[in-house]
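A.B. asks: Going by our numbering, the sequence shown opens with residue 21, and the numbers climb by one from there.
Built from N, CA and C at the ideal position, the CB exists for glycine as well.
Bear in mind the structure is a predicted one, so any value in this text is a computation, not a measurement.
Please find one structure pasted underneath; my questions will follow.
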Amino acid sequence: MFICFVVVRTRMRRRRILRVRPLARSAVSAMADFRQRVPAVAGVLLAVTLAGWPGVASAQSLRGGKGAMAEQYRQAQIHDFTKLRDPSHVHRFVELGLLVPLKGNRDYRLHDVSFPYAREEVRLFVERLARQYRLACGEQLVVTSLTRPVSHQPGNSSEDSVHPMGMAVDLRYSTTRACRDWLENEVLLPLERQGALQATLEFRPLHYHIAVYPRQYAQYVAQLESRQADVAEATAQGEAGASHAPPTHHTVRSGDSLWGIARSYGTTVDKLKAANNLRGSRIYAGQRLQLPVGS
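In structure tokens:
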């Protein structure tokens, strides 16, 4: 049985004493009801707070963690990458051609990057992504970190960080929701499912950390370019009156995205959505998409 008491201060015979008086039944019921409601109220407040934080829903898919860091480090070991100790070690790798410079262009820029070098495949990733990002979003991609030797790692970094190996890049978190959605849903998550990279939305400070798996990403690009070449050849033959007509459908494969499919067939995401009555960007392996006429 739950009993509540209120303490009332009174005076009796010039001495201050405490007298305990039971609360009325209505007050007890009110307090019990409040106690039952507190967890629910707290849950609602937490949900509202998270819902108001930009990108939290997406962050649930880019959450990273110790397991993700361990996998990135394992990939660095598979590639036999060296953990660079200090600036002289970095510059030595640059001289050997093991790290290449990233200088920025009309599609991307570097912000406060102490060591603007990375593995060749990381540069390939940044340049390809930046070109697509500017076309999709109308703004430059901003790179905030690349190779960082152990001597320049921040205090909160993990020992399994792959920044000292030159296979990671950090990207600024855009203030434009459409750009964040495109980057996460059309590029990072599909490439992560493809096994070409691993992306994490980090909060201190807020940015995207991306570990590029060099061999896997290079293989992905080679396959994509081969498919694009096949489509271009088929289109050229069709225009020349050859018997092989350009493809009219595409069967979705694991790791495909609407953006990647649209680029492969020389069309746009909007036209691809319209041709298939798609409201969103979600597609699944095995799905058969109709290609827009003239693509």
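Here's the rule I'm using: 16 or more other beta-carbon atoms within 10 Å means buried, otherwise exposed. How should E204 be labelled?
C.D. replies: Answer is buried; the Cβ neighbour count reaches 16.
A.B. asks: Whole beta strand (DSSP E) runs in the region 210-293 with 3 or more residues, listed along the chain?
C.D. replies: Runs found: 217-223, 226-232 and 269-271.
A.B. asks: Note down the Cα distance separating R105 from G306, rounded to an integer number of angstroms.
C.D. replies: Taking the straight line joining both Cα atoms gives about 46 Å.
A.B. asks: Assuming T164 contacts H227 under a Cβ cut-off of 8 Å, what Cβ separation, rounded to an integer in Å, is found between them?
C.D. replies: Correct: roughly 6 Å between the Cβ atoms.
A.B. asks: Pick helix, strand or coil for Q97, following the three-state DSSP scheme.
C.D. replies: Three-state result, Q97: helix.
A.B. asks: Whole-angstrom Cβ separation of Y240 and Q214, contact assumed at under 8 Å?
C.D. replies: The Cβ separation is near 6 Å, so the contact holds.
A.B. asks: If we require 3 or more residues per run, which beta strand (DSSP E) segments fall completely within the region 131-184?
C.D. replies: Entirely contained in the region 131-184, the beta strand (DSSP E) runs reaching 3 residues are, in chain order, 161-165.
A.B. asks: Got a sec? Which residues, its chain only, sit under 6 Å from F113 by beta carbon, not counting five neighbours each side?
C.D. replies: Answer for F113: L119, listed in chain order.
A.B. asks: Are there three or more Cβ pairs, one per stretch, closer than 8 Å when the region 219-233 is compared with the region 178-190?
C.D. replies: With a cut-off of 8 Å, the region 178-190 and the region 219-233 count as touching, because enough Cβ pairs lie within range.
A.B. asks: Following a CB-centred definition, is A252 positioned closer than 7 Å to any heavy atom of the ligand MN?
C.D. replies: In terms of ligand content, the structure shown is empty, and the ligand MN therefore cannot be addressed.
A.B. asks: Return the residue from the list R126, R94, I281 and L166 that minimises the CA-CA distance to P312.
C.D. replies: When each option's Cα is compared against that of P312, the closest is I281.
A.B. asks: Does the beta-carbon of P107 have 16 or more other beta-carbons within 10 angstroms, so that it is buried, or is it exposed?
C.D. replies: P107 comes out exposed.
A.B. asks: Rounded to the nearest angstrom, how far is the Cβ of E115 from that of P234, given a contact under 8 Å?
C.D. replies: Not confirmed; about 20 Å, so no contact.
A.B. asks: Checking the sheet assignment: what are the DSSP bridge partners for Q310?
C.D. replies: Answer is H269, bridged to Q310.
A.B. asks: Quick one: what does DSSP say R129 is sitting in, helix, strand or coil?
C.D. replies: If DSSP states are grouped into helix, strand and coil, R129 belongs with the strands.
A.B. asks: Three-state secondary structure (DSSP) at A198?
C.D. replies: Helix.
A.B. asks: Report yes or no: do three or more beta-carbon pairs, one from the region 165-173 and one from the region 124-141, lie closer than 8 Å?
C.D. replies: Touching, per the Cβ criterion.
A.B. asks: Find out if the Cβ-Cβ distance for the pair C157, T196 is shorter than 8 Å.
C.D. replies: Yes, Cβ-Cβ distance for C157 and T196 is below 8 Å.
A.B. asks: To the nearest angstrom, report how far apart H99 and M185 are at their CA atoms.
C.D. replies: Approximately 10 Å, taken between the alpha carbons.
A.B. asks: Please list, in chain order, all residues of the same chain as G63 whose beta carbon is under 6 Å from its beta carbon, the five residues on each side excluded.
C.D. replies: With a pLDDT of only 38 at G63, under the threshold of 50, the placement of this residue in the model should not be trusted, and no figure is reported.
A.B. asks: Let me check understanding here. Comparing Cα to Cα, which of K103, V146 and F101 lies closest to P121?
C.D. replies: It is V146.
A.B. asks: Among R200, L149, G117 and A96, which one has its Cα closest to the Cα of Y128?
C.D. replies: Among R200, L149, G117 and A96, the Cα nearest to that of Y128 belongs to L149.
A.B. asks: What would DSSP say about A305, mapped onto helix, strand or coil?
C.D. replies: DSSP places A305 in coil when its eight states are reduced to three.
A.B. asks: Is it the case that the Cβ atoms of L309 and V272 are separated by a distance below 8 Å?
C.D. replies: It is a contact, given that the beta carbons lie within the stated cut-off.
A.B. asks: Output the distance between the C-alpha atoms of Y237 and E245, rounded to the nearest integer angstrom.
C.D. replies: Looking at the two C-alpha atoms, the distance is approximately 12 Å.
A.B. asks: What does DSSP give as the partner residue(s) for V120 in the beta ladder?
C.D. replies: DSSP lists A138 as partners of V120.
A.B. asks: Within 10 angstroms of its Cβ, does P225 collect 16 or more other Cβ (buried), or is it exposed?
C.D. replies: P225 should be labelled exposed.
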